[in-house]
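Chemist: Take a look at the following structure, please.
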Amino acid sequence: MSTSSAEARSQDRASATPLLRLSKVDKHFGPVQALTGVDLAIYPGEVLALVGDNGAGKSTMIKTISGIWAPDGGQVYWDGKEVHVRNPRDASALGIATMYQDLALCDNLDIVQNMFLGREPRRFGLLDETAMEIAARKTLSDLSVTTVRSIRQPVGSLSGGQRQAVAVARAVLEDVRLVIMDEPTAALGVSQTAMVLNLVKTLSDSGVAVLIISHNLVDVFKVADHIAVLYLGQLVGTYPAGELDTQRAVELITTGALGGSSAAEGRK
Ligand SMILES: Nc1ncnc2c1ncn2[C@@H]1O[C@H](COP(=O)(O)OP(=O)(O)OP(=O)(O)O)[C@@H](O)[C@H]1O
Ligand SMILES: [Mg+2]
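The working numbering runs 4 ahead of the 1-based position in the sequence shown.
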């Protein structure tokens, strides 16, 4: 959980336009209503954690934002304007980068190649390897990623945390405005988890919004400014992280409410 900069962001929030806003979004799979009337807002530079029990609809929500599923109803706004994100390319054109658990990196290519895949700079018709190496090195160092031995190492030889770092670096090079991470630390050890959480902080400090799904509430409280709780496909509320603790978060996740108390004022 966070610091004075998070408080400042909270104060900004009342007047600011959300970067992304979902309004009354529905999504069903046959008879299964995966999302029902979901309202959610995420602001520039904010870390919003999305929590909820298995099957609550978290992955469905981010797949809807990322253009993998079309919503059945509701509206999506980007910078205050309604948008229709029909496929992942539309999402990436807006500046949304989504990192799924099984990261879409090519194991046989090296770090530089992965970071520039599909948008390699050219010079006189040839790949500009030097420019790519310089940019790759600078981006990793800006992100304080220091454990990678060589940027010419195949990605298949990296640890889980290092792979996350390469994916984040790729996103940063794309000028993203919203990074979505589904369980980025689930398979990671202590120091790799710390590295990924640091990356999240670095991104948000640079004004990028981060939407992070995690079952690990310790991680959530370490990085989140706000916490959005999904329960059986419905948004219970979005709470400033400082207004929740682990016990209250668990109660919201498992029951969809806080017993007898209306203390936490969810931001819808
Ligand atoms: N492709 C699909 N086809 C049919 N049903 C689906 C599909 N994807 C998700 N669902 C259903 O939608 C509901 C929400 O699933 P979702 O994967 O969004 O949950 P989740 O919150 O990400 O859970 P977890 O924490 O286990 O990852 C579940 O009931 C699930 O069975
Ligand atoms: Mg999921």
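All C-beta atoms in this analysis are idealised placements derived from N, C-alpha and C, irrespective of residue type, glycine included.
According to DSSP, is Ser27 helix, strand or coil?
Modeler: Three-state DSSP puts Ser27 in a strand.
Chemist: What does the alpha-carbon distance come out to for the pair Tyr275 and Ile100?
Modeler: No information on residue 275 is available, as it lies outside the stretch 5 to 272 that the chain covers here.
Chemist: Excluding sequence positions up to five away, which residues of its chain have a Cβ less than 8 Å from the Cβ of Trp73?
Modeler: If we look at Trp73 and ignore the five residues flanking it on each side, its Cβ neighbours are Lys31, Thr64 and Lys67.
Chemist: Buried or exposed: which applies to Lys142, given that a residue is buried once 16 or more other Cβ atoms fall within 10 Å of its Cβ?
Modeler: Result: exposed.
Chemist: Of the choices Gly84, Asp43 and Met103, whose alpha-carbon is the least far from that of Thr21?
Modeler: Checking every option, the nearest Cα to that of Thr21 belongs to Gly84.
Chemist: What number of angstroms, rounded off, separates the C-alpha of Ile46 from the C-alpha of Ser208?
Modeler: Their backbone Cα atoms lie some 12 Å apart in a straight line.
Chemist: My guess is that Val214 and Val204 are in contact by the Cβ rule of under 8 Å, so how many angstroms apart are they, rounded?
Modeler: 5 Å between Cβ atoms; contact.
Chemist: In chain order, which beta strand (DSSP E) runs of at least 3 residues are fully inside the segment 123-190?
Modeler: Counting only runs of 3 or more, we get 182-186.
Chemist: Counting only the same chain and skipping the five closest in sequence on each side, list residues whose C-beta sits under 8 Å from that of Phe128.
Modeler: Excluding residues within five positions, none has a Cβ falling inside 8 Å.
Chemist: Based on the DSSP secondary-structure assignment, which residues constitute the bridge partners of Ile216?
Modeler: The partner list for Ile216 (beta bridge, DSSP) reads Ala53 and Met185.
Chemist: Which same chain residues end up closer than 7 Å to Glu269 when comparing Cβ atoms and leaving out the 5 residues on each side of it in sequence?
Modeler: Confidence in Glu269 is poor, its pLDDT being 46 and thus under 50, which makes the residue's placement too unreliable to answer from.
Chemist: Which class does Pro244 belong to by DSSP, given the choice of helix, strand or coil?
Modeler: Reduced to three states, the DSSP call for Pro244 is strand.
Chemist: Thinking C-beta only, is Ser218 closer than 8 Å to Val212?
Modeler: Taking 8 Å as the Cβ cut-off, Val212 and Ser218 do not qualify as a contacting pair.
Chemist: Determine the direct distance from the alpha carbon of Gln168 to that of Val233, and round the result to whole angstroms.
Modeler: For Val233 and Gln168, the distance between alpha carbons rounds to 24 Å.
Chemist: Is any heavy atom of ligand 2 found at a distance shorter than 7 Å from the C-beta of Ser63?
Modeler: Yes, Cβ of Ser63 sits closer than 7 Å to a heavy atom of ligand 2.
Chemist: Can you name, in chain order, every residue of its own chain whose Cβ lies under 7 Å from the Cβ of Asn112, other than the five neighbours on each side?
Modeler: Closer than 7 Å at the Cβ level, and outside the excluded window around Asn112, lie Pro158 and Gly160.
Chemist: Flag this pair as touching only if the segment 109-124 and the segment 191-206 have three or more C-beta atom pairs under 8 Å; answer yes or no.
Modeler: With the cut-off at 8 Å, the segment 109-124 and the segment 191-206 do not touch.
Chemist: Any contact between the segment 180-191 and the segment 125-139? By contact I mean 3 or more CB pairs, one from each, below 8 Å.
Modeler: No, the segment 180-191 does not touch the segment 125-139.
Chemist: Are the beta-carbon atoms belonging to Ile155 and Val116 less than 8 Å from one another?
Modeler: Cβ atoms of Ile155 and Val116: closer than 8 Å.
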